[in-house]
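Numbering (the numbering used here), first residue to last: 1 to 222. Worksheet: the structure to be examined is printed underneath.
Structure below.
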């Protein structure tokens, strides 16, 4: 799916120079992320991760105590990257000249890209937070912060909204998007009537619906 220009420079990959040790750790975490997504955490062994990454089992244990440490390492990397990228995405300067439909489209496109490109993120989050209230609280705090930043971006354009209660309307739209996106990525467990539709069509119809409810002119600036 082609990205809008507002988010064209954002990526779910950390770039920059890394030491040899960091490269090895990230290669192992990449392998774990792929395998957790493909076959689940429980079915993945340390030997599987080593083989996928092209290292010995000893190399895995040199960097990670056990599979649980791999899982937690992946969770830490995921949440740090999520926080950094969400902050870049919500920077008001990025959206100068943008209207509400532009912001909503950018949010939907980037989230769907994360689901497609990094499916292991969800597996790591589910497993790491399943029996750890502190990690769950941390994950929820990051999501809350992202929603607050996105809400601020939208309400800064309150004059575009003709709904009688813009604050409630924006909260409703973001909750609705979250529910629809969650159902879309979990269509195997929560059947969706839109599961077979393309991401482009999903975004288009979600924007039509949200703009009609907000009573915002759906025309975007690009």
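Glycine included, C-beta positions come from ideal geometry on N, C-alpha and C. Given the structure is predicted, the values throughout are model-derived calculations rather than measurements.
- Distance check between residue 93 and each of 128, 19, 149, 114 places 149 closest, using alpha-carbon atoms only.
- Between the stretch 63-76 and the stretch 19-33 there are three or more C-beta pairs closer than 8 Å, enough to call the two in contact.
- Per DSSP, the unbroken alpha helix (DSSP H) holding residue 85 starts and ends at 67-89.
- Excluding five sequence positions before and after residue 100, the CB atoms of its chain that fall closer than 8 Å to its own CB belong to 154, 157, 160, 161, 211, 214, 216, given in chain order.
- Relative to the Cα of residue 86, the nearest Cα in the group 74, 71, 97, 103 belongs to 103.
- In this chain, the alpha helix (DSSP H) harbouring residue 106 covers 100-117.
- For the stretch 127-169, the full-length alpha helix (DSSP H) segments reaching 4 residues or more read 133-155 along the chain.
- Under the criterion of beta carbons closer than 8 Å, residue 163 and residue 171 do not qualify as touching, at roughly 11 Å.
- The distance from the Cβ of residue 125 to that of residue 139 is about 6 Å, consistent with a contact at the 8 Å cut-off.
- Within its own chain, the residues whose Cβ lies closer than 8 Å to the Cβ of residue 47, once the five positions on either side in sequence are excluded, are 57, listed in chain order.
- Residues 115 of the same chain have their beta carbon placed closer than 6 Å to that of residue 185, with the five preceding and five following residues left out of the count.
- The three-state reading of DSSP puts residue 219 in coil, since its state is none of H, G, I, E or B.
- In this structure, the CA atom of residue 5 is about 25 Å from the CA atom of residue 78.
- Taking the Cα of residue 118 as reference, the smallest distance to any Cα among 38, 90, 191, 192 is reached at 38.
- One thing to note: residue 110 has its Cβ no nearer than 8 Å to the Cβ of residue 193.
- Residue 218 has its alpha-carbon roughly 26 Å from the corresponding atom of residue 145.
- A direct Cα-to-Cα measurement between residue 20 and residue 26 gives close to 10 Å.
- For residue 24, the enclosing alpha helix (DSSP H) covers residues 20-39.
- Between residue 202 and residue 128, the gap from beta carbon to beta carbon reaches 8 Å or more.
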